[in-house]
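Take this note's numbering: the last position of the sequence shown gets the number 531, and nothing is skipped along the way. The block underneath contains the structure these notes are about, expressed in structure tokens.
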Amino acid sequence: MRIGGLQKFSLIDYPGKLSCVIFTQGCNFRCGYCHNPELVIPERFCPSIPEQEVFDFLRSRQQYLQGVVVSGGEPTIQGGLVAFLDQIKRLGYLIKLDTNGGQPDILRQLVQLKLLNYVAMDVKAPLDRYEEIINAMIDPRKIEQSIEIIIHSGIKHEFRTTVVKSLCSQEDLYKIRQMIKGSQRYNLQKARIDENVLDQRLSGQGQYTDEEFKCFKEELEKCV
Ligand code: SF4
């Protein structure tokens, strides 16, 4: 496992639980609004944190923390993920996985092995615009499969879309809504566009107003 960061305490990353967050290094997507280029671009990786160090920390917090959030980057591209999560589980923690949904086979395996207690998947765009938005190649059927696996997993879950005005129209949001029909929870968030984003060409572009955003949410709430 390549681990690029460990946030030792969080009240917000695992809904309803005191948790810590482990950030893995590397991602198969290149979303322009990504706020974690140091976890995505290999040249910007810092030295990885040894797994042993992470497990020493987790052992020391067993009394205080309930959950571990494994985020990224993209955790499912890590070769040792199954064994890593299994070890966390054996320490008695609940596990939440944050994923971009690009690896449905891994996701299926994690669900079947009962290693996950919560899954949050980013849905980046309607299927026909996926490659354009993630700036990488993907078979959109993989995204469909991941959504399907999560919705039918019996595991608590949520889907999330980060919205950049120039990249996501209201029509796109309606299409995404159709893709995740039947899901438990959907979070819509405005992208924070500043000098830290992966694609600097997005800097300075206008965003939806709070009023526009509220209208989108109200419309979407009718379905999810
Ligand atoms: S926002 Fe996109 S590029 Fe950044 S970590 Fe998530 S999936 Fe990868």
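No residue lacks a Cβ here, since even glycine has one placed at the ideal position from N, Cα and C.
Distance between Q512 and D446 (C-alpha atoms, nearest Å): 29 Å
At least three beta-carbon pairs within less than 8 Å, the region 391-411 to the region 318-333: yes
I438 versus M444: straight-line alpha-carbon distance, rounded: Checking the sequence shown, residue 438 turns out to be Glu, not Ile. Approximately 6 Å between the Cα atoms of the pair.
The ligand SF4 heavy atom lying under 6 Å from the CB of F330: no
Selected residue, minimal CA-CA separation from N494, among I500, R484, N503 and V418: R484
Proximity test, C475 beta-carbon vs the ligand SF4 heavy atom, cut-off 6 Å: no
G333 Cβ short of 6 Å to the ligand SF4 heavy atom set: no
Cβ-heavy atom distance, N503 to the ligand SF4, below 6 Å: no
Closest by C-alpha distance to H342, when choosing among Q514, R508, C522 and D501: D501
Outcome for T522 when other beta-carbon atoms lying within 10 angstroms are tallied against a minimum of 16: Just to set this straight, residue 522 is Cys in the shown sequence, not Thr. The residue in question, C522, is exposed, as its Cβ has fewer than 16 Cβ neighbours within 10 Å.
Closer than 6 Å: C327 CB and nearest the ligand SF4 heavy atom: no
Which listed residue (R436, I441 and D405) has its alpha carbon closest to that of E465: D405
Minimum C-alpha distance to I440 - residue among S317, F330, C338 and L509: C338
heavy atom of the ligand SF4 below 6 Å from V376 C-beta: no
Spatial neighbours of V328 in its chain, beta-carbon cut-off 6 Å, leaving aside the 5 residues before and after: Q314, S317, D320, V376 and S378
Of the residues C475, D393, I348 and S326, the one placed nearest Q370, counting alpha carbons only: S326
Spatially closest choice to S489 from I454, S473 and E518, by CA coordinates: Strictly speaking, residue 489 in this sequence is Gly, with Ser absent from that position. G489 has its Cα closest to that of I454, out of I454, S473 and E518.
Three-way DSSP call (helix, strand, coil) for S355 in this model: coil
DSSP-derived helix/strand/coil call for V471: coil
Opening and closing residue of the alpha helix (DSSP H) in which L480 lies: Q477 to M486
With 16 other Cβ atoms within 10 Å as the buried cut-off, status of Q359: exposed
Status (buried if at least 16 other CB within 10 Å, exposed otherwise) for Q419: exposed
Length of the line joining the Cα atoms of F362 and E526: 44 Å
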